[in-house]
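Remarks on the structure that follows.
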Amino acid sequence: MPVISGDEYKKRIDRMHAEIWLDGSPIQGRISEHPAFRGAIKSQGELYDLQLKHKDVMTYTSDKTGNAVGASFLIPRTKEDLEKRRQMVQVWARHTGGLMGRSPDYMNTAITAYAASSTVIKGEMNSYPERLTAFYEMARERDLSFTHAFVSPQYNRSSLAILEDDCTNARIIDTTEEGIIMHGAKLLATQGGMTDELFVLSAPGKISHEEAYAFSIPSNTKGLKFIARQSLVGDDSAFNSPLSSRFEEMDSVVVFDHVLVPWERVFIHENIKAVDDLYNKGKFVPLTLHQICSRQAVKTELLLGIAQSMVESIEIGEYQHVQSKVSEIITGLETQKALLLSAEATGKVDEDGVFLPNRQLLYVAIHQFQNLYPRYTEIVQLLGASGMITIPTVKDFNSSIAPELDTYLQSKKHTGREKVALYRLAWDLTMSSFGTRQTLYERFFFGDPIRVSQIMYQQYDKSDATAFVQSFLEK
Ligand SMILES: Cc1cc2nc3c(=O)[nH]c(=O)nc-3n(C[C@H](O)[C@H](O)[C@H](O)COP(=O)(O)OP(=O)(O)OC[C@H]3O[C@@H](n4cnc5c(N)ncnc54)[C@H](O)[C@@H]3O)c2cc1C
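In full-length UniProt numbering, the protein residues as written are 1 to 475.
Structural data, given as structure tokens:
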């Protein structure tokens with residue numbers, strides 16, 4: 001089956017009827033029509049349609065079936081393959097302004113990376129690399145969509161947590177002839193319930209054997225619940241809520257109530273080393289970081305465009321501090337793009353014949369973005385000032401006070417309505433509940449920034465630098 005259309009995606013998700021709880025009750029009827037989900041599902045559908053529209057960039061030919069399958073499933077063998085992957089990610093990111101962190105390319109890349117890393121768990125106890133590759137092929141040929149939940153609930157994060165009895169984290173409570181039985185909870189499935197599948201892998205860390213697993217199950221599996229947070233959709237109006245009406249992805253706690261995961265869907269069970277190796281030693285980190293940084297570059301461009309449009313709207317470009325603030329975003333954007341290209345240029349073919357980008361450079365890029373993104377939003381607020389709240393709604397502009405709004409809210413460059421549309425975009429990105437969730441999201445994308453910097457420190461080869469100092473001292 002070749003890549004699917006947006007309509008097919010929508011029908012599949014509606015048929016699925018996953019159990020999603022929102023505000024005290026389970027969602028009934030079609031999820032694609034529910035106010036909390038319909039905007040994001042429509043946008044995601046448009047992404048699938050883009051695959052059909054730009055087949056040259058967005059697809060490649062499956063060596064198994066000869067079908068045109070999604071380029072987000074492409075295992076890169078050459079630098080050109082990796083470049084193609086970046087172009088694919090950025091076609092999708094341009095459509096959403098990079099605001100859907102879980103557009104299908106994110107998890108498709110993760111599944112692809114795990115399958116391409118299956119040799120890492122070959123021969124390991126309770127590990128089934130052949131199931132992982134078969135699953136990847138099935139997902140690629142059916143163009144399945146995924147959410148994921150890797151993190152344990154925030155019960156006890158102390159270094160001695162392993163010694164305590166934690167009744168929250170999902171664990172294997174039984175193994176039967178049919179599969180493993182899962183019970184407990186997992187964080188934090190963005191798009192939970194609006195994808196075909198839920199992929200679960202224990203995040204590396206202090207866990208017991210029962211908490212070490214990797215598997216994937218359909219979102220409507222019996223006993224599986226998605227407990228959604230409050231919706232952040234402002235309203236349906238593209239004028240009032242230009243971003244939340246289209247890209248509110250929703251996040252949910254995942255609860256497993258004695259869920260049976262059939263053996264063919266279990267990739268690892270009760271093996272801490274195998275789950276750690278699949279995450280750390282496999283190709284997940286470099287390939288997903290490449291996807292993330294490609295999207296984030298597009299999002300930075302959106303932020304730069306918004307900041308500069310506001311500067312031009314009220315003509316504040318002559319002030320030195322304004323130039324300096326916009327230059328901060330320019331520096332971030334160009335550094336991001338340079339790190340991405342340089343990670344591709346210094347990439348290498350690994351022992352499995354996969355062309356991987358330079359992981360160190362991508363770690364620098366993501367870590368920098370985690371820290372810079374909140375500053376970008378601050379810059380937008382500082383440049384916007386009162387403009388960020390003098391933003392009447394579409395109803396105001398359609399009422400008898402419209403002439404006054406057009407007179408008193410106009411700027412040197414824009415009519416009142418045009419100026420408010422621009423500043424509403426800035427507000428929805430940086431100040432609305434949708435916008436502040438975006439900031440939290442980018443801060444914690446790919447993990448806690450503190451621990452990302454620890455990983456960078458631990459993995460970076462510092463020996464050349466210390467040898468350099470030694471040679472200086474010996475002169
Ligand atoms: C909007 C949003 C969407 C998300 N979507 C997904 C998703 O789709 N799928 C998914 O699997 N996950 C998702 N996540 C989870 C994300 O991966 C985690 O938030 C991230 O890994 C941090 O873990 P935590 O939230 O449990 O924070 P915690 O680990 O509980 O950290 C809380 C605080 O304690 C500190 N801390 C805790 N432990 C340590 C330590 N060992 N050393 C130093 N400091 C420590 C942290 O620095 C932080 O300040 C999402 C998160 C957000 C905010």
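Glycine residues also receive a C-beta, built at the ideal position from the N, C-alpha and C atoms.
Query, Result
"Heavy atom of ligand 1 less than 6 Å from the Cβ of A365, yes or no?", "no"
"Suppose the cutoff is 6 Å on Cβ atoms and the five residues either side in sequence are ignored; what does the same chain contact list for Y363 look like?", "M456"
"How would you write the range of the beta strand (DSSP E) that P204 sits in, first residue to last?", "First-last for P204: undefined, no H or E at that position."
"Considering just the uninterrupted stretch of the alpha helix (DSSP H) at L82, what are its terminal residues?", "79–96"
"For the alpha helix (DSSP H) holding L422, just list the boundary residues, first then last.", "416–430"
"For V233, does the three-state DSSP call read helix, strand or coil?", "coil"
"Taking the straight line between their C-alpha atoms, what separation do you get for P392 and G97?", "24 Å"
"When you compare each of V266, G384, P204 to G179 by their alpha carbons, which one comes out closest?", "V266"
"Across which residues does DSSP place A189 in a beta bridge pair?", "S252"
"Would you report the Cα separation of S399 and I329, rounded to the nearest angstrom?", "38 Å"
"Answer yes if the region 166–182 comes into contact with the region 237–251, meaning at least three C-beta pairs across the two stretches below 8 Å, and no otherwise.", "no"
"Starting from the N-terminal side, write out each stretch of the beta strand (DSSP E) that is 3 residues or longer and does not extend beyond the region 96–175.", "146–149, 171–175"
"Just to confirm, is the Cβ distance from S342 to L372 under 7 Å?", "no"
"Within the chosen definition, does the region 54–71 reach the region 80–90 through at least 3 CB pairs nearer than 8 Å?", "yes"
"Is it buried or exposed for E197, if we count other Cβ within 10 angstroms and need 16 for buried?", "buried"
"Going by C-alpha to C-alpha distance, which of L382, D448, Q470 sits closest to V326?", "L382"
"If you follow the alpha helix (DSSP H) that E46 is part of, which residue opens it and which one closes it?", "38–53"
"Are the beta-carbon atoms of S145 and P104 separated by less than 7 Å?", "yes"
"Thinking K281 and V120 are a contact (beta carbons under 8 Å), I'd like their distance in whole angstroms, please.", "5 Å"
"Just mark P286 as buried or exposed, buried being the case when its beta carbon has 16 or more other beta carbons within 10 Å.", "buried"
"Could you check if R295 belongs to the surroundings of ligand 1, using beta carbon to heavy atom distance under 6 Å?", "no"
"Who does Y60 pair with in a DSSP beta bridge?", "V69"
"Using a beta-carbon distance below 7 Å, is F37 in contact with chain D?", "The structure shown contains no chain D; it holds only a single protein chain."
"Roughly how many angstroms lie between the CA atoms of R131 and I217, to the nearest whole one?", "13 Å"
"Along the chain, where does the beta strand (DSSP E) that runs through H269 open and close?", "266–269"
"Straight-line CA distance for D276 to A338?", "31 Å"
"Is Y60 near I4, with beta carbons less than 7 Å apart?", "no"
"Restricting to Cα atoms, I'd like to know which of M138, Y106, H54, G29 is closest to D63.", "M138"
"Around the Cβ of Q51, are there at least 16 other Cβ atoms within 10 angstroms (buried) or fewer (exposed)?", "buried"
"From R157 to K84, what distance separates their C-alpha atoms?", "40 Å"
"Nearer than 6 Å: is that true of the beta carbon of R229 relative to any heavy atom of ligand 1?", "no"
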